[in-house]
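Residue numbers (my numbering): 5 to 131.
Accompanying notes for the structure given below.
Dropping the structure here:
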């Protein structure tokens, strides 16, 4: 049984994660850092979470898969056709441990979330 260890930061989380999860989790981490290098890394709800003008996205794992969390359903709406064949629901895409990560799709979702967060901040500042 895979259990998620408590971690106080991202590196500690990865060091404690089961080996089977690491390839896809590291890939997702690299994609996020490439798209938003200035994103703040925190642990929220026990998983690696990225902040950029608010919560941007998160990654995690269970006994059966690695997950990418867009943290907002609207982040997925425009990409539904590109997600055909993937295991997804609401704001989460689940990847089997040996499944290839669709890098271009993940980048598009992250950019959409980034723009969504920036728009929220801009609207708040105008008030």
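No residue lacks a Cβ here, since even glycine has one placed at the ideal position from N, Cα and C.
Terminal residues of the alpha helix (DSSP H) in which residue i lies
i	result
residue 34	23-39
residue 19	14-20
7 Å Cβ shell around residue i - same chain, five flanking residues per side excluded
i	result
residue 46	53 and 55
residue 122	57
Cut-off 8 Å between Cβ atoms - residues of its own chain near residue i, not counting five sequence neighbours on either side
i	result
residue 5	Summary for residue 5: the model assigns pLDDT 46, below 50, so the residue's position carries little reliability, and this model does not support an answer.
residue 40	54, 56, 60, 114 and 118
residue 33	14, 18, 52 and 63
Rounded straight-line distance, which links the Cα of residue j to that of residue i
i	j	result
residue 23	residue 63	15 Å
residue 27	residue 83	24 Å
residue 96	residue 37	19 Å
residue 18	residue 91	23 Å
residue 88	residue 80	12 Å
Other residues of its chain near residue i: CB distance less than 6 Å, five sequence neighbours each side excluded
i	result
residue 100	69
Exposed unless 16 or more other CB atoms sit within 10 angstroms - verdict on residue i
i	result
residue 3	Nothing can be reported for residue 3, as the shown portion of the chain is limited to 5 through 131.
residue 71	buried
residue 105	buried
residue 108	exposed
Residues that residue i bridges to, as DSSP identifies them
i	result
residue 98	71 and 91
residue 53	46 and 62
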